[in-house]
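Trainee: Supplied in structure tokens, the structure appears directly below.
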Amino acid sequence: MDQTNLRRGKILVLVAAALVAAVIVSVLLIDLNRKAEIEEQKEAIRQVIPGIDEKDLDALLSMQVYAAYGQIRKGQNLPVTLKAADAVLEDQHRFYPEGPIFGYGINYLGCIMIFLDENVSEDRATMDEIYQIIDSHANATEPGNTPVLFIRNPQFQLDMEKV
Numbered sequence: 214m215d216q217t218n219l220r221r222g223k224i225l226v227l228v229a230a231a232l233v234a235a236v237i238v239s240v241l242l243i244d245l246n247r248k249a250e251i252e253e254q255k256e257a258i259r260q261v262i263p264g265i266d267e268k269d270l271d272a273l274l275s276m277q278v279y280a281a282y283g284q285i286r287k288g289q290n291l292p293v294t295l296k297a298a299d300a301v302l303e304d305q306h307r308f309y310p311e312g313p314i315f316g317y318g319i320n321y322l323g324c325i326m327i328f329l330d331e332n333v334s335e336d337r338a339t340m341d342e343i344y345q346i347i348d349s350h351a352n353a354t355e356p357g358n359t360p361v362l363f364i365r366n367p368q369f370q371l372d373m374e375k376v
């Protein structure tokens, strides 16, 4: 009977060690995956905003960049582009609550930022469609050059009792 308990104890120790090893490997893989994802985001932003410094890059990364298109170039009239695209985006119900767009603007780096509802699962095809609408209204000589970053935007819930 002592041998049986000893054998069970050894098996339990082995199972526990295997579980600990599996958890450690899972954590390491998740960390590596997250680092690779961040590097992909950095590269996408650098393609849109060539010469961006690390401080600005980190600031954009903290905003949950979902997709990046185009490239900043001289002579782009982004306010005119956004104004022209606004009516089409509105007609196609791309704005919240019917669509994923909460709002948009132009950042100090000279890039259009489209803020998306973080609770709506949008695929890359939808982002492509929205980008095509914006880019089609640009005065750029080459299509596909309008600099646009899609940002996941958290919803804010106001507590009216505290206001």
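Counting in the working numbering, the sequence shown runs without a single skipped number right up to 376 at its last residue. The C-beta atom is built at its ideal place from N, Cα and C for all residues, glycine as well. Just so you know, these numbers come straight off a predicted model, no measurement behind them.
Rounded C-beta distance between HIS350 and ALA298? I'm assuming under 8 Å.
Mentor: Right, the Cβ-Cβ distance comes to about 4 Å (below 8 Å), so this counts as a contact.
Trainee: For the candidate residues TYR309, MET326, GLU311, ASP271, whose alpha-carbon lies nearest to that of TYR317?
Mentor: The shortest Cα separation from TYR317 among TYR309, MET326, GLU311, ASP271 belongs to MET326.
Trainee: Return the chain-ordered list of same chain residues with a C-beta closer than 6 Å to the C-beta of VAL293, the five sequence neighbours on each side being excluded.
Mentor: Cβ neighbours of VAL293 beyond the five flanking positions: none.
Trainee: What are the start and end residues of the beta strand (DSSP E) that includes ASP271?
Mentor: ASP271 -> not in any beta strand (DSSP E); alpha helix (DSSP H) instead, spanning 267-274.
Trainee: For the alpha helix (DSSP H) containing ALA297, name the first residue and the last one.
Mentor: From DSSP, the alpha helix (DSSP H) with ALA297 extends over 291-304.
Trainee: Once the 5 residues before and after TYR309 are set aside, which same chain residues still bring their CB inside 6 Å of it?
Mentor: Only PHE315, ASP330 meet the Cβ criterion.
Trainee: Quick one: Cα of VAL361 to Cα of LEU302, how far?
Mentor: Each residue's alpha carbon lies about 15 Å from the other.
Trainee: Please report how far the alpha carbon of VAL261 lies from the alpha carbon of LEU270, in whole angstroms.
Mentor: Taking the straight line joining both Cα atoms gives about 11 Å.
Trainee: Taking the beta carbon of GLY379 as the centre, do at least 16 other beta carbons fall within 10 Å, making it buried, or is it exposed?
Mentor: Missing from the structure shown is residue 379; the chain here goes from 214 to 376 and no further.
Trainee: Which residues in the same chain have their Cβ closer than 8 Å to the Cβ of GLN305, if we skip the five residues on either side of it in sequence?
Mentor: Correct list, in chain order: GLY312, ILE346.
Trainee: Less than 8 Å between the C-beta atoms of LEU259 and ASN358, yes or no?
Mentor: At residue 259 the sequence reads Arg, which differs from the Leu that was named. Against a cut-off of 8 Å, the Cβ pair of ASN358 and ARG259 comes out as no contact.
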